[in-house]
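Visitor:
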Amino acid sequence: MDVTESDVLAAAERWRREGRGVALATVLETWGSAPRPVGSRLVIDAEGNFLGSVSGGCVEGAVVGEAADVIASGVPRTLEFGVADEAAWKVGLSCGGKIAVFVERVD
1 MDVTESDVLA AAERWRREGR GVALATVLET WGSAPRPVGS RLVIDAEGNF LGSVSGGCVE
61 GAVVGEAADV IASGVPRTLE FGVADEAAWK VGLSCGGKIA VFVERVD
């Protein structure tokens with residue numbers, strides 16, 4: 001089943017109503033080869049549950065990890081992953097592309 005942007009936003013709203021800590025990650029920019037387009041979203045709760053996609057594979061694992069910090073601190077951040085970065089290899093983004101993902105807490 002394909003997850004739509006509406007599904008992701010509805011989950012964020014529902015999870016907040018349930019009292020969960022929630023963050024929303026959004027692809028801001030892509031360069032070269034990237035698996036998901038600008039505007040793609042991933043909603044994450046404080047327990048590490050998530051819905052949607054910003055890249056796939058290990059990049060999403062890194063975004064989920066950063067989202068926990070954003071939920072706890074309330075401070076949004078922009079994450080960048082690219083083939084030239086050491087972090088890109090750690091998270092499996094070796095396809096030659098780069099992405100920027102904005103992660104913000106949903107209050």
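For the sequence shown, the UniProt record's numbering begins at 1 and goes up steadily by one. Built from N, CA and C at the ideal position, the CB exists for glycine as well.
How about T78 and F102: are their beta carbons less than 7 Å apart?
Guide: Residue mapping note: residue 78 aligns to position 78 of the sequence shown, counting from 1. Residue mapping note: residue 102 aligns to position 102 of the sequence shown, counting from 1. Yes, these two residues count as a Cβ contact at 7 Å.
Visitor: Tell me which residue opens and which closes the alpha helix (DSSP H) that G52 is part of.
Guide: Walking along the sequence shown from the start, residue 52 turns up at place 52. Here G52 belongs to no alpha helix (DSSP H); instead the beta strand (DSSP E) covers 50 to 52.
Visitor: In angstroms with no decimal places, state the Cα-to-Cα distance between A11 and G32.
Guide: Here the question's residue 11 lines up with position 11 in the sequence shown. Here the question's residue 32 lines up with position 32 in the sequence shown. Each residue's Cα considered, the two are about 30 Å apart.
Visitor: For E60, report the span of its alpha helix (DSSP H) as first-last.
Guide: Residue numbering aside, residue 60 sits at position 60 when the sequence shown is read from its first letter. Per DSSP, E60 is one residue of the alpha helix (DSSP H) stretching across 57 to 73.
Visitor: For E5, which residues of its own chain have a beta-carbon under 7 Å away from its beta-carbon, when the five flanking residues on both sides are left out?
Guide: Here the question's residue 5 lines up with position 5 in the sequence shown. Excluding positions up to five away in sequence, the list reads R41.
Visitor: Shortest alpha-carbon distance to L28 belongs to which of R16, D45, G39, V59?
Guide: Stepping through the sequence shown from its first residue, residue 28 is reached at position 28. Checked all of R16, D45, G39, V59; the closest Cα to L28 is G39.
Visitor: Cβ atoms of G52 and residue 129: under 7 Å apart, would you say?
Guide: Because the chain is modelled from 1 through 107, residue 129 falls outside the range shown and cannot be assessed.
Visitor: Going by DSSP, what residues sit across from G82 in a beta bridge?
Guide: Counting from one through the sequence shown, the residue named residue 82 turns up at place 82. K98.
Visitor: When we look at the beta-carbon of E60 and count the other beta-carbons within 10 Å, is it buried (16 or more) or exposed?
Guide: Sequence index remark: in the sequence shown, residue 60 carries index 60 (1-based). E60 is buried by the Cβ-count criterion.
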